[in-house]
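Numbering (my numbering), first residue to last: 1 to 78.
Take a look at the structure:
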């Protein structure tokens with residue numbers, strides 16, 4: 001895989017790892033992802049996860065991992 005895709009998947013894994021532990025708001029998730037990437041890439045990763053159904057937002061501003069996201073996380077873990 002290309003380095004760009006690896007970077008995106010690494011950010012997605014970081015976000016999904018955090019959400020597997022507990023639901024979280026956007027700011028804490030972004031701060032966590034900033035350890036691995038830029039703010040724009042963190043936001044894009046979270047939006048992609050939401051759009052593809054790996055993450056849901058049942059309450060305004062609160063994100064949760066879905067069953068589909070749990071399956072993706074298992075694949076992404078080393």
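Even glycine gets a Cβ: it sits at the ideal position worked out from N, Cα and C.
Chain-order list of residues whose beta-carbon lies under 7 Å from that of residue 61 (same chain, five-residue window excluded):
25 and 26
Find out if the Cβ-Cβ distance for the pair residue 63, residue 55 is shorter than 8 Å.
yes
Out of 30, 12 and 40, state which residue places its alpha-carbon closest to the alpha-carbon of residue 49.
12
Own chain, CB closer than 7 Å to residue 9, minus 5 neighbours either side, in chain order:
76
Assuming residue 45 contacts residue 34 under a Cβ cut-off of 8 Å, what Cβ separation, rounded to an integer in Å, is found between them?
In fact, because the Cβ distance is near 11 Å, the residues do not count as touching under 8 Å.
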